[in-house]
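Numbering (full-length UniProt numbering), first residue to last: 1 to 583.
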C-alpha cells in the first residue's frame, strides 16, 4: 500500500530511475548488471519507497543541523551581549545607589528642618508662656489697684457727703446768725434813735431832768452797757462767721482737690480697664496661637511617633539583615578557605604523581588564577564587613551626638527654669541642684564648647554658693541689728539693681544659648552631610575603578572572565564558549 506521495508512481519515479540505473551501472560489475536490468522493472516500487525514506532521513538531518547552527548563533550572540547586560545591570545598581543616597540626604534635610521648626516652636511656646504669666501678674496687680481705688473712692464719697452735711449745717447757722445780726442792728438803730430823743427831751425839759435824773441815768447807763455789749457780740459773731467762711472755703478747696484726684484716678482706672481688656484680647490671641502650635505639635508628634516606629522597624530589619549577612560572609569565607586548602592539597598530590612537564605550567597558571580570585573574594568579604562595622560605628557616633545635643537643650531649659524661679524671689520654692550636677563628664563626648560651658557652670555654681552664704550671713546680721530706714531704702535699691542685672543676664544667656543651639544644629548637619558625601565618594569611586578595570579586561580579552570563585569553578560556561566557536 503506497502513501499519498506515491499515488502515481510513474510520475515520481521516472527521473530517479534513470539516476539510479546509471549509478548502478557505474558501481556494480558487469555480470550483475544484466540481472539488475532484468529485475529492474520488478523491484521498481520497492526501490522508490526506499529512496523516499532515505530522502526524508536526509531532510531531517539537514533540519536538525540548521537548528543546531541557529542555536549556536543565538548562544554566541547572547555571550557577546553578556558584558553589555552586565554593564547595564551595574549602571542600574549605581543609579539605584545614587537615588538611595539622594533620598538619605533629603531625609536628613527633612530631619534638620523638623528639628529647627520644633526648636522654634518650643521657644515660641516658652515666650508665650512667659508673656501669659506676665499678663496674669499684671492683671492681678491691676485688679488689686482697682479694688484699692474703689475703696478709696468710697471713703472719699463718704467724706464728701459728711463735708456736704457740715456745710449745710454751717450755712444754716450762718443764715441764722445773719438774721440775728440784722435784728441787733435794727435794735441798735432804735436805741440810738431813743438816745437822740432822750437827749432832745433833756435839753427841752431841764426841770424834769433833775427829778428823773437818777432813774434815767441808771436806765441809760444800763442801756449803754447793753448797747456796748451788742457790738462786741456782733464783732465776735462776725469773727466766727469769717472763721467759718474760711473753714468752708478751705474745705471747698480740699474737696475740689480731692475731686480732681478722684477724676484722675477714675480716668486712670478707665485706662487700666481698657488696658486690661486689650491684654485680655492679646491673651486670647496668644491662647489661640498656643492652641494652634499645640495642635501642630500634636500632629508633628504623631508623625514623629509613626516615623520613630517605622525607623525602629527598619533598624530591626537592618540589624537582622546585617546579622544574616555576617553569617553568610563567615560561611562564605570558611568555604573559600576550605576550597583553597583542598586546592593546595590537590596541587601538592598532583605535583607528586604527575611526571610530564608540558602540561604542568598551564595547570599551575589556571590554578593560580583560580586561587587569586578566591583570595580576592575573601578580601572583598572582609572589606565589606569592615565597611559595615564602620557604618555602624558612624551611626552610633551620630546617635551619641544627637543625645548630647538633646542633653544640652534640656540643660538650657533647666537653667532657664531655675533663673525664672529665682527671679520670683520666693524662698519657699527650691530651685533644684545646679546645672553642673547634670552635665556630661565623659571626655569622649565632650567638645571644646561643652568643656567651656561646664567650666562656666562650675564657676556659676561656686558664685551661687557664695551668694547663698552671704545672704544667710546678711539675714543673721539683720535679725541681730535692725537696719535704719535709709539703709533699708538702699537695700531696696540694691535689690532692684540685682533684679535688673539678673534679667539682663537671663536675656543675654537666652540669646547666646539660642545662637549656640542654632550653630550646633548647623554644624552637626554639615558634619553629617560631609560624612555621607565622603562615604558616597569612597564607595562609588572604588566601584567605578573596579567597573573600569572589568570593562577594560572584558574588551581586551576574548576568553571568559571569572567574576567569582563559584563562576570560576563552574565548567559548563567555557565548554559552551568553545562549542559556540566550532562552526
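The beta carbon of each residue, even a glycine, is placed where N, CA and C say it ideally should be.
Taking just the CA atoms, how far does residue 524 sit from residue 145?
Between the alpha carbons of residue 145 and residue 524 lies a gap of roughly 52 Å.
Decide if residue 408 is buried, meaning its Cβ has at least 16 other Cβ atoms within 10 Å, or exposed.
Answer is buried; the Cβ neighbour count reaches 16.
Just to confirm before moving on: does the CB-CB distance between residue 92 and residue 547 stay below 8 Å?
Contact: no.
Against chain D, with Cβ distances strictly below 8 Å, would residue 468 count as a contact?
In the structure shown, chain D does not exist; there is a single protein chain.
Use the C-beta contact count for residue 373: other C-beta atoms within 10 angstroms, 16 or more gives buried, fewer gives exposed.
Buried.
Rounded C-alpha distance that separates residue 340 from residue 371
Looking at the two C-alpha atoms, the distance is approximately 7 Å.
Look at residue 412 and residue 513 and say whether their C-beta atoms are less than 8 Å apart.
Contact: yes.
Kindly indicate which residue of 283, 288, 334, 458 has the alpha-carbon position closest to the one of residue 433.
The closest CA to that of residue 433, considering only 283, 288, 334, 458, is found on 458.
Touching by the beta-carbon criterion (3+ pairs, under 8 Å), the stretch 254-268 and the stretch 100-115
The stretch 254-268 makes no contact with the stretch 100-115, as fewer than three CB pairs between them are under 8 Å.
Using the Cβ count rule (16 or more neighbours within 10 Å means buried), how would you classify residue 541?
Taking every protein chain shown into account, the CB of residue 541 has fewer than 16 other CB atoms within 10 angstroms, so this residue is exposed.
Per-residue DSSP class, three states only, for residue 432:
In the structure shown, residue 432 sits in coil (DSSP, three-state: anything other than H, G, I, E or B).
Less than 8 Å between the C-beta atoms of residue 139 and residue 311, yes or no?
Not closer than 8 Å, so no.
If you measure from the CB of residue 530, is any heavy atom of the ligand SAM nearer than 7 Å?
The ligand SAM is not among the ligands present in this structure, which contains no ligands whatsoever.
Going by the CB atoms, is the gap between residue 333 and residue 301 shorter than 8 Å?
Their beta carbons are not under 8 Å apart, which means residue 301 does not touch residue 333 by this criterion.
Using the three-state DSSP reduction, which class does residue 169 fall into: helix, strand or coil?
In the structure shown, residue 169 adopts helical secondary structure according to DSSP, grouped into three states.
Residues near residue 450 in its chain [Cβ-Cβ closer than 6 Å; skip 5 each side]:
Closer than 6 Å at Cβ, skipping near neighbours: no residue.
According to DSSP, simplified to helix, strand and coil, what is residue 444?
Here residue 444 sits in coil by DSSP.
Decide yes or no for the touch test of the stretch 504-522 against the stretch 381-399: beta carbon pairs closer than 8 Å, at least 3 of them.
Between the stretch 504-522 and the stretch 381-399 there are fewer than three C-beta pairs closer than 8 Å, too few to call the two in contact.
Using the Cβ count rule (16 or more neighbours within 10 Å means buried), how would you classify residue 549?
Flag for residue 549 reads exposed.
How long is the line joining the alpha carbons of residue 444 and residue 454, rounded to whole angstroms?
Computed Cα separation, rounded: 15 Å.
Using CA coordinates, which residue listed in 378, 347, 376, 377 is at the minimum distance from residue 365?
Each of 378, 347, 376, 377 was checked against the Cα of residue 365, and the nearest Cα belongs to 347.
Under the three-state DSSP convention, the category residue 307 falls into
Helix, per DSSP.
Could you name the residues of the same chain whose beta carbon sits closer than 6 Å to that of residue 419, not counting the 5 residues immediately before and after it, in chain order?
506.
Give every residue of the same chain whose Cβ lies closer than 7 Å to the Cβ of residue 404, excluding the five residues on either side of it in the sequence, and list them in chain order.
Answer for residue 404: 440, 445, listed in chain order.
Quick check on the DSSP output: what are the complete alpha helix (DSSP H) runs of length 4 or more inside the stretch 343-427, in order along the chain?
Segments of the alpha helix (DSSP H) lying fully in the stretch 343-427: 360-424.
Tell me whether residue 439 sits in a helix, a strand or coil according to DSSP, three-state version.
It is coil, neither helix nor strand.
Buried or exposed: which applies to residue 201, given that a residue is buried once 16 or more other Cβ atoms fall within 10 Å of its Cβ?
When all chains shown are included, residue 201 counts as exposed.
DSSP three-state call for residue 330: helix, strand or coil?
Residue 330 falls in the helix class under three-state DSSP.
So, is residue 528 buried or exposed, given that buried needs 16 or more other C-beta atoms within 10 angstroms?
By the beta-carbon neighbour count (other beta carbons within 10 angstroms, threshold 16), residue 528 is buried.
Report yes or no: do the stretch 122-131 and the stretch 256-274 share at least 3 C-beta pairs separated by less than 8 Å?
In short, these stretches do not touch, since the Cβ pair count stays below three.
Rounded to a whole number of angstroms, what is the C-alpha to C-alpha distance between residue 415 and residue 509?
Approximately 10 Å, taken between the alpha carbons.
Buried or exposed by the 16-neighbour rule on C-beta atoms within 10 Å, applied to residue 321
When all chains shown are included, residue 321 counts as exposed.
Pick out whichever of 423, 106, 461 has its Cα sitting closest to the Cα of residue 502.
Closest by alpha carbon: 423.
Can you give me the C-alpha to C-alpha distance between residue 268 and residue 170, rounded to a whole angstrom?
C-alpha separation (whole angstroms): 35 Å.
If you measure between the beta carbons of residue 149 and residue 265, is that distance less than 8 Å?
Using a Cβ distance threshold of 8 Å, residue 149 and residue 265 count as a contacting pair.
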